[in-house]
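Residue numbers (my numbering): 206 to 397. Think of the CB as a built atom: it goes at the ideal place given N, C-alpha and C, for glycine as much as any other residue. These numbers were taken from a predicted model, which means no experiment stands behind them. Notes follow once the structure below has been shown.
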Amino acid sequence: MDADVFKVAKKLLGKFLVTNFNGIITSGMITEVEGYNGEIDSASHAFKARRTQRNEIMYATGGTAYVYICYGIHHLFNVITNEKDIPHAILIRSIEPVENIDVMMKRRGKKKLDYALTAGPGALSKALGIHIKHNGELLYSNLIWIEDRGVKIHSRKIVSTIRVGVEGAGRDARLPYRYIIEGNKWITRTPK
DNA sequence: CGACCGATCGTCT
DNA sequence: GACGATCGGTCGA
């Protein structure tokens, strides 16, 4: 929980996102994130304080998972970061796979191990088994959590770019709120 | 490689 | 009734 969603977003790089479903642990190191600055961010689901059934969880206390479905198919995983009623969110966009990679490949229907296994928010959710039913899950639960394993990402290695897929988001569409680990190959393409 | 396009359905107007 | 905080396949160079 922190007042500055972008500071938290950068801190999440190098942390490990872990799931434990049906006794199987899968995990990866976070390599790409995007910050969504609540009610004043025209690319955020909570823009203009529009509170709906879908985005209600964004108003929960920091440390809660916000999962929603995009394009009818993909489950996108976000971390809520602020106090109750302040809808700041961080979209986890890519991870570098670490534990039980074979399970993740099976979930994704992949035969080759490459960046596509866990690059992109829909892809990593599928690989980790994250589902819409985990919306509202607490990230200090025993199902989904974030671990610090001592990996330090120096601020010089953090690159910011515009966010992906928000071209039509209006005023804030081109703000540099996407953060990636420089040189890491486990990330999606950078938009123009 | 890059560009394009169809899939697919919950959510909001 | 329209439209996504996307993905993966195909096509052409």
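Inset, instruction - Following the continuous alpha helix (DSSP H) through P326, name the residue where it begins and the one where it ends. - result: Segment 326-333, the alpha helix (DSSP H) holding P326.
Inset, instruction - Can you tell me which of the three DSSP states S360 falls into? - result: The answer is helix: DSSP assigns S360 an H, G or I state.
Legend entry - First through last residue of the alpha helix (DSSP H) which encompasses M310: Bounds of the alpha helix (DSSP H) holding M310 are 306-313.
Legend entry - N- and C-terminal bounds of the beta strand (DSSP E) containing A270: 270-275 is the span of the beta strand (DSSP E), which, as asked, contains A270.
Inset, instruction - Tell me whether L322 sits in a helix, a strand or coil according to DSSP, three-state version. - result: Three-state result, L322: helix.
Legend entry - Euclidean distance between Cα positions of E352 and V210: In this structure, the alpha-carbon of E352 lies about 18 angstroms from that of V210.
Legend entry - According to DSSP, residues forming a beta bridge with R383: Paired residues: E239, T366.
Legend entry - Test item: CB-CB of N225 and L348 under 8 angstroms: It is a contact, given that the beta carbons lie within the stated cut-off.
Legend entry - Environment of I229 [buried if 16+ CB atoms lie within 10 Å]: Burial call: exposed.
Legend entry - Own chain, CB closer than 6 angstroms to L318, minus 5 neighbours either side, in chain order: Apart from sequence neighbours up to five positions away, no residue of its chain approaches L318 with a beta-carbon distance below 6 angstroms.
Legend entry - L281 - DSSP class collapsed to helix/strand/coil: In this structure, L281 counts as strand in the three-state DSSP scheme.
Inset, instruction - Decide if the segment 375-392 is in contact with the segment 282-291; the criterion is three or more beta carbon pairs, one per stretch, under 8 angstroms apart. - result: With a cut-off of 8 angstroms, the segment 282-291 and the segment 375-392 do not count as touching, because too few Cβ pairs lie within range.
Legend entry - DSSP-derived helix/strand/coil call for N225: Strand at N225.
Inset, instruction - Helix, strand or coil for I291, going by three-state DSSP, please let me know. - result: For I291, the three-state secondary structure derived from DSSP is coil.
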